[in-house]
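Below is one structure; the comments refer to it alone.
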């Protein structure tokens, strides 16, 4: 591998710097134009507001709205390798795609519902462990503790590492011959596990990796929530003779709910849509380890079923949308926001 | 009139040859051009370094032409090239394998090279590997890309000639050393044995999959038996197998000609090359797929970039660089003229490589082969992990291949 020379650093900074400059110049230009148009031409009252919002609105339109519109269009097409540049678009193609999702294998053999159920299982396991372990660690840290700062730093490290790097590292550690997991197991007399080729153990490996990655976030949320609870509640409970468990159940958890609920919703959505961990840990492309988003990716880019995959993406979006709407309504989590 | 016609016919026959070659003058006239070049060659095999050497040498000759070289794994290269082509930002040059011809021509994202180069100077078998629908879609860089048996002479004096001898090696190696390693995750390592059991992945028509067959069942059972008898590790991917062999923890490896350079550096005179052992049950030699590495050109490449790329390809596939490639990477050249070089005729490693290639079989380039690869991979993994029987796996891979081909229509 080429070593990092000053020439490479200079070239890279130059390329990045130019891009940043171009972006800044673009933003300034857009704001200027919007302010002039809104203020001088249309004489709008809130020209300053429009000016400040414009770059974000344009960015969202280009990076989110436009791709979604393209995606919708693609979902109603029969784009594949044979129809790469000139696919047919229409309602018939779209309905065909949506029908195929539920009636034919989404990959080589696996059907939609087993993958869907596996995704729910994966999400459920992850959220339970994230919340339980995160809350547990937060409770331990929410007290006078020697070297508390050091523990916090160490526990947050998994969150700080770029996720792809962490996944690739864990994948290496699940290697049968050279991974530290099997080395440790063999050291205590347990035969090595086929983490990459056995369907069950590969799923376990994915879960271990994502628990390691996800606990710090939940720990930080829980710790913040705990620290926002007034100490008087606990003092009053102590005077009434409440046990630790009673304080947790009757004070901590109810008062943490407004903060925990959105965090859990986010956790569910992020885990449901988590691509990196299932994709990279499943190095042997076992269909038994695929969740909906990885199956979608493979259908699109390994099996070239572009129109089908676009429709598949819309199905996944609708599942999450229905879940979020139902959860928010059922828990009344945003009642206080609505006032 | 007849004289004019005669002259015209002579010119017309010579013109393709004359037009096919780009000259130094053409290249000197090219304006400042940067070529985005994707290659499947990796650093571990020393091949990426050689690719960069070639681009550097060419840029020194023609300073107006520079290269941005990126290495991508074979499957990633295929996916990324398709995606980039769709987005209108395809690279300018590919160095890849022949079975990409099928998907790339189906998607109409590469261009034929018949009229761009003098094809007569390349090895016919190599050109055949990238010929589809009557056109040639790539220029051969190396010829072969086939699997063979590589062995460490310090661990095994004489490699097994048959599968019976191979299986008899169980328990005979020093502790912590495997008799054999190979990439257990890719069906590319399965197909030689399928050939040894006299099976093929396609029927005679070349597009109907024939995976649910007795030879496939026998092949899967054989691969499982290698694992059960601890001839091979319980689990091993490409990097794992490669590392075990380089570190002297495996006596033999089944790997491709792309790895010869790195193994020569690691094992020096202890490296031996032989044919993959004959299948005792059938009496047939395993038949690894043969093809090579090829340059492919994106469909929309034109103007100065096309001239620059053509010049570079001529440079890399010229005799001097081809012989250099043989010396550095131990790969058989795609250029006919280079085959007679003493470097090849006197090198026992290359001799062994050629000997294996002789019993190989050309890799199918049709797009239906993609369906076969995708069907075989998970079933091979299932049999090796003990979660499926060979019979069930063969039946399932046939179903999967048929379904995949249907979805390609």
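Chains as they are written, first to last, in the numbering used here: chain R, 290 to 628; chain V, 36 to 444. No residue lacks a Cβ here, since even glycine has one placed at the ideal position from N, Cα and C. The model shown is predicted, which means the values in this text are computed figures rather than measured ones.
Can you tell me whether DSSP reads residue 193/V as helix, strand or coil? Position 158 of the second chain, counted from the start, is the residue given in the question as residue 193/V. Residue 193/V falls in the coil class under three-state DSSP.
Boundaries of the beta strand (DSSP E) in which residue 530/R is found, first to last residue: As a first step, residue 530/R is located in the first chain; it is residue number 241 there, counting from the start. Run containing residue 530/R: none; DSSP gives neither H nor E here.
Quick one: list the residues of chain R neighbouring residue 143/V, beta-carbon separation under 7 Å, in chain order. Counted from its first residue, the second chain places residue 143/V at position 108. Neighbours of residue 143/V on chain R, chain order: 373 and 374.
Going by the DSSP bridge assignment, what does residue 285/V pair with across the sheet? Working through the second chain from its first residue, we reach residue 285/V at position 250. In the DSSP output, where bridge partners are listed per residue, residue 285/V has 213/V.
Does DSSP put residue 97/V in a helix, in a strand, or in coil? Working through the second chain from its first residue, we reach residue 97/V at position 62. In this structure, residue 97/V counts as coil in the three-state DSSP scheme.
Which class does residue 305/R belong to by DSSP, given the choice of helix, strand or coil? Within the first chain, the letter at position 16 stands for residue 305/R. The answer is helix: DSSP assigns residue 305/R an H, G or I state.
Neighbouring residues, chain V, relative to residue 278/R (Cβ below 8 Å): The structure shown does not extend to residue 278/R, since chain R spans only 290 to 628, so no value can be given for it.
Which same chain residues, not among the five before or five after residue 186/V, have their C-beta less than 7 Å away from its C-beta? One-based indexing of the second chain puts residue 186/V at position 151. Answer for residue 186/V: 194, 286, 287, 307 and 309, listed in chain order.
Going by Cα to Cα distance, which pick from 83/V, 332/V and 164/V is closest to residue 445/V? In the structure displayed, chain V extends from 36 to 444; residue 445/V sits before or after that span and is not available.
Throw me the rounded Cβ distance for the residue 364/R and residue 600/R pair, which I believe falls under 8 Å. Taking the first residue of the first chain as position 1, residue 364/R is located at position 75. Taking the first residue of the first chain as position 1, residue 600/R is located at position 311. Right, their Cβ atoms sit about 4 Å apart.
Does the distance from the C-beta atom of residue 439/V to that of residue 410/V stay below 8 Å? For this step, residue 439/V is matched to residue 404 along the second chain. For this step, residue 410/V is matched to residue 375 along the second chain. Yes, Cβ-Cβ distance for residue 439/V and residue 410/V is below 8 Å.
CB-CB under 8 Å to residue 390/R, same chain, minus the five flanking residues each way: which ones, in chain order? Within the first chain, the letter at position 101 stands for residue 390/R. Contacts found: 401, 597, 600, 601 and 604.
Examine the Cβ distances between the segment 439 to 448 of chain R and the segment 494 to 512 of chain R and report whether three or more of them are shorter than 8 Å. yes
Verify the contact flag: residue 461/R, CB atom, against every heavy atom of the ligand NAP, threshold strictly below 7 Å. Among the ligands in the structure shown, none appear at all, so the ligand NAP cannot be discussed.
Counting Cβ pairs, one atom from each stretch, are 3 or more of them under 8 Å apart for the segment 164 to 171 of chain V and the segment 227 to 235 of chain V? no
What residue range does the alpha helix (DSSP H) around residue 507/R cover? As a working mapping, residue 507/R is identified with position 218 in the first chain. Segment 488 to 516, the alpha helix (DSSP H) holding residue 507/R.
Considering only residues of the same chain and omitting the five flanking positions on each side of residue 254/V, which have a CB-CB separation below 7 Å? Residue numbering aside, residue 254/V sits at position 219 when the second chain is read from its first letter. Once the five neighbours on either side are set aside, the close Cβ partners of residue 254/V are 225, 228, 229, 232 and 234.
Is any beta-carbon of chain V found at less than 8 Å from that of residue 370/R? The sequence position of residue 370/R within the first chain is 81, counting from 1. When Cβ-Cβ separations below 8 Å define contact, residue 370/R makes contact with chain V.
Per-residue burial, residue 516/R [other beta carbons within 10 Å of its own, 16 or more giving buried]: One-based indexing of the first chain puts residue 516/R at position 227. Exposed, by the Cβ-count rule.
If you pair each beta-carbon of the segment 343 to 350 of chain V with each one of the segment 55 to 75 of chain V, do three or more pairs fall below 8 Å? yes
Backbone CA spacing between residue 320/V and residue 313/V [nearest angstrom]: For the purposes of this step, residue 320/V is identified with residue 285 of the second chain, where counting begins at 1. For the purposes of this step, residue 313/V is identified with residue 278 of the second chain, where counting begins at 1. Cα-Cα distance, rounded: 4 Å.
What are the partner residues of residue 324/V, as DSSP defines its beta bridges? Your numbering for residue 324/V matches position 289 in the second chain. DSSP, once it has assigned bridges, lists 396/V as partnering residue 324/V.
Interface residues of chain V facing residue 567/R [CB-CB closer than 8 Å]: Numbered from 1 along the first chain, position 278 holds the residue referred to as residue 567/R. Result: empty, since nearest Cβ-Cβ is about 15 Å, beyond 8 Å.
Residue 420/V CB to nearest chain R CB: under 8 Å? Looking up residue 420/V in the second chain gives position 385. It does: the Cβ of residue 420/V has a partner Cβ on chain R nearer than 8 Å.
Check whether the segment 362 to 376 of chain V and the segment 189 to 206 of chain V are in contact - that is, three or more C-beta pairs closer than 8 Å. no
Given a cut-off of 8 Å, decide if residue 100/V and residue 117/V are closer than it, judged by their beta-carbon atoms. Sequence index remark: in the second chain, residue 117/V carries index 82 (1-based). Sequence index remark: in the second chain, residue 100/V carries index 65 (1-based). In this structure, residue 117/V keeps its C-beta atom at 8 Å or more from the C-beta atom of residue 100/V.
Alpha helix (DSSP H) segments (min. 4 residues) lying fully within the segment 142 to 206 of chain V: Qualifying alpha helix (DSSP H) stretches, in chain order: 159 to 163 and 198 to 202.
Can you pull out the residues from the segment 263 to 279 of chain V whose beta carbon lies closer than 9 Å to at least one beta carbon of chain R? From the segment 263 to 279 of chain V, only 268, 269, 270, 271, 272, 274, 275, 278 and 279 have a Cβ closer than 9 Å to chain R.
Which parts of the segment 378 to 424 of chain R are runs of the alpha helix (DSSP H), unbroken and 4 residues or longer, counting only runs that do not cross its ends? 380 to 392
Tell me, please, whether the CB atom of residue 462/R is closer than 8 Å to any CB atom in chain V? Here residue 462/R refers to the residue found at position 173 when the first chain is read from its first residue. Residue 462/R does not count as touching chain V.
Per-residue contacts from residue 114/V into chain R (C-beta, under 8 Å): In the second chain, the residue the question calls residue 114/V occupies position 79. Neighbours of residue 114/V on chain R, chain order: 590 and 591.
Closest by CA to residue 574/R, which one among 304/R, 350/R, 347/R and 399/R? Along the first chain, one-based indexing puts residue 574/R at 285. Looking only at 304/R, 350/R, 347/R and 399/R, the smallest Cα-Cα distance to residue 574/R is reached by 399/R.
Pull the bridge partners of residue 73/V from the DSSP assignment, please. Locating residue 73/V in the second chain gives position 38, counting from the first residue. Paired residue(s): 105/V and 129/V.
Among 340/V, 259/V, 333/V and 399/V, nearest to residue 241/V - alpha-carbon criterion: By one-based count along the second chain, residue 241/V stands at place 206. Checked all of 340/V, 259/V, 333/V and 399/V; the closest Cα to residue 241/V is 399/V.
Residues that residue 366/R contacts on chain V, provided the C-beta gap is smaller than 9 Å: Residue 366/R sits at position 77 when you count from the first residue of the first chain. Chain V residues near residue 366/R: none, gap ~13 Å exceeds 9 Å.
Expressed to the nearest angstrom, what Euclidean distance is found between the alpha-carbon atoms of residue 73/V and residue 129/V? The residue you call residue 73/V lines up with position 38 of the second chain. The residue you call residue 129/V lines up with position 94 of the second chain. Answer to the nearest angstrom: the Cα atoms are 5 Å apart.
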